[in-house]
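Notes follow once the structure below has been shown.
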Amino acid sequence: MLKDLLRGLEHLHGANLLHNDIKPENCLLSNGGFWKLADFGCSSVDSEPIAAGDEGDGRYIAPEVLATMTPTKASDVFSLGLTILEITTYLYMVANGAERQAILNGQIPNRFFKSVSLELRGLLGLMKHLDPGARPNCAECLDHPTIKSVRYRFKFSGSVRTMVNNVSDANDSTGEMKRKLFDGNNNDLKKRMM
Numbered sequence: 013m014l015k016d017l018l019r020g021l022e023h024l025h026g027a028n029l030l031h032n033d034i035k036p037e038n039c040l041l042s043n044g045g046f047w048k049l050a051d052f053g054c055s056s057v058d059s060e061p062i063a064a065g066d067e068g069d070g071r072y073i074a075p076e077v078l079a080t081m082t083p084t085k086a087s088d089v090f091s092l093g094l095t096i097l098e099i100t101t102y103l104y105m106v107a108n109g110a111e112r113q114a115i116l117n118g119q120i121p122n123r124f125f126k127s128v129s130l131e132l133r134g135l136l137g138l139m140k141h142l143d144p145g146a147r148p149n150c151a152e153c154l155d156h157p158t159i160k161s162v163r164y165r166f167k168f169s170g171s172v173r174t175m176v177n178n179v180s181d182a183n184d185s186t187g188e189m190k191r192k193l194f195d196g197n198n199n200d201l202k203k204r205m206m
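Per the working numbering, the very first residue in the sequence shown carries number 13; after that it's consecutive.
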């Protein structure tokens, strides 16, 4: 999942464009089993100021964008890091307050990382670094050992595809879809998708 999304984001950044609204709801699974970014309604040219209200979902926005209203490629990497953190740990991202600050500072109890490798945890920590200059770009993320070790494409079986379609058809929230896909015996599926 992360590898696909990083490749898509790298392509977007190569055109000097920013997504500005990366969140779980904007990460879609294609029929072919590829993860893709969606909803480019908040997109902008790199490093150009944006108007208030055009900054995307506050739960995933980099702190510097909230302060300056000037998104960058690094702020997209930050948003993708928080998105993957939420998907892999079931943490619910909040827009502000002590809980958000704890997440940004890496003060997350270990119980949330049961199915997350130390390597992926390290990469996500780099992606959500508070200093935008310290964050890796997409190419550096793709070159990270965690991502480079992904050498296969998981193919969905008919039963999983049906489950995804049923969840989509029911217009369930993203959280409900995650619970249905990754509950109980589906932890192996979750690991293989990352």
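Even glycine gets a Cβ: it sits at the ideal position worked out from N, Cα and C.
Local conformation of residue i per DSSP, three classes
| i | result |
| --- | --- |
| Leu103 | coil |
| Asp69 | coil |
| Leu142 | coil |
Limits of the unbroken beta strand (DSSP E) element including residue i
| i | result |
| --- | --- |
| Lys48 | Trp47 to Leu49 |
| Leu54 | The question names Leu, but residue 54 is Cys in the sequence shown. That residue, Cys54, is in no beta strand (DSSP E); it is neither H nor E in DSSP. |
Contact check, residue i vs residue j, beta carbons under 8 Å
| i | j | result |
| --- | --- | --- |
| Ser55 | Leu29 | yes |
| His31 | Leu21 | yes |
| Leu92 | Ile159 | no |
| Pro75 | Leu142 | yes |
| Val162 | Lys15 | yes |
| Ala50 | Leu40 | yes |
| Tyr102 | Phe124 | yes |
Residue i - containing alpha helix (DSSP H), residue span
| i | result |
| --- | --- |
| Leu135 | Leu130 to Met139 |
| Val77 | Pro75 to Thr80 |
| Pro157 | Pro157 to Lys160 |
| Ala114 | Ala110 to Leu116 |
| Gly44 | Run containing Gly44: none; DSSP gives neither H nor E here. |
| His208 | Only positions 13 to 206 of the chain appear in the structure, and residue 208 is not among them; the question remains open. |
| Ala151 | Cys150 to Leu154 |
Residue i versus residue j - alpha carbon distance
| i | j | result |
| --- | --- | --- |
| Cys153 | Phe90 | 12 Å |
| Tyr72 | Asp155 | 24 Å |
| Gly70 | Gly53 | 15 Å |
| His25 | Met81 | 18 Å |
| Gly118 | Ala27 | 32 Å |
| Pro61 | Val77 | 9 Å |
| Lys140 | Ile115 | 9 Å |
| Glu67 | Ala79 | 11 Å |
| Asn177 | Tyr104 | For Asn177, the predicted model reports a pLDDT of 46, less than 50, meaning its position is unreliable and no value from the coordinates is stated. |
| Glu37 | His23 | 20 Å |
| Met13 | Ala63 | 31 Å |
| Gln113 | Pro121 | 14 Å |
| Ala151 | Val57 | 19 Å |
Contact the segment 144-162 vs the segment 81-92: 3+ CB pairs below 8 Å: yes
The segment 27-46 touching the segment 106-116, judged by at least three CB pairs closer than 8 Å: no
Given 8 Å, three or more beta-carbon pairs between the segment 94-105 and the segment 129-144: yes
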